[in-house]
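Mind the numbering: the sequence shown is residues 17 to 181 in this note's numbering, read in order. Here is the structure we will look at.
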Amino acid sequence: MQNWVGPLIAAAMLLQVSVLIALFWTTRRTMQKLDKTVTDLNEKAGPILTRVQILLDDTQPKISTMVSDAAHVVYLARGQAQKMDRVLTDAADRFRGQLLHVDRILTGTMEAVEDAGLQFKQSLWRPVQKASALVQGIKIGLDLLRSRKAARPAPSAEQEEELFI
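Here it is in structure tokens:
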């Protein structure tokens, strides 16, 4: 049984060596292709990168100036916004004060109108009520005289009560 193990190991070693040689050649061809691709890429990208570097070197001061100007504009805008806030706050406070003043004036006016209306009502309605009571009394008196003329019976207790009411 041990006779066939030696040739089997030798065949396996031969197979491994042939696979490794095939891998080596494949890897070598791939590396050559990759090297060629990298060389072509460097040849084509080199001038582009040089141009981009020149463009960046040319525009960097302009970009720095733009950023500086933008920062200055933001600073000025913040200052103006703070001034505007102060002005609007002051105007709102003054407006609130004027509204309170107008409210006090209107409240006083409304109270004076209400008092004048009350006094007018009292001064007008009291005489009217008195005159109405006087007219009512005269009417009852006339009704009583008419009723006495019409029927001269003796006054009953009920009629006497009506006279006192």
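C-beta atoms are modelled at their ideal positions from N, C-alpha and C, and glycine is treated no differently. On a predicted model such as this, the values are computed, not experimentally measured, just so you know.
Quick check: what's the CA-CA separation for residue i versus residue j?
{"i": "Val103", "j": "Gln114", "result": "16 angstroms"}
{"i": "Pro63", "j": "Gln69", "result": "10 angstroms"}
{"i": "Val54", "j": "Met29", "result": "37 angstroms"}
{"i": "Gln145", "j": "Gly153", "result": "12 angstroms"}
{"i": "Gln96", "j": "Asp56", "result": "57 angstroms"}
{"i": "Ser34", "j": "Asn19", "result": "24 angstroms"}
{"i": "Gln48", "j": "Leu39", "result": "14 angstroms"}
Following the continuous alpha helix (DSSP H) through residue i, name the residue where it begins and the one where it ends.
{"i": "Asn58", "result": "21 to 166"}
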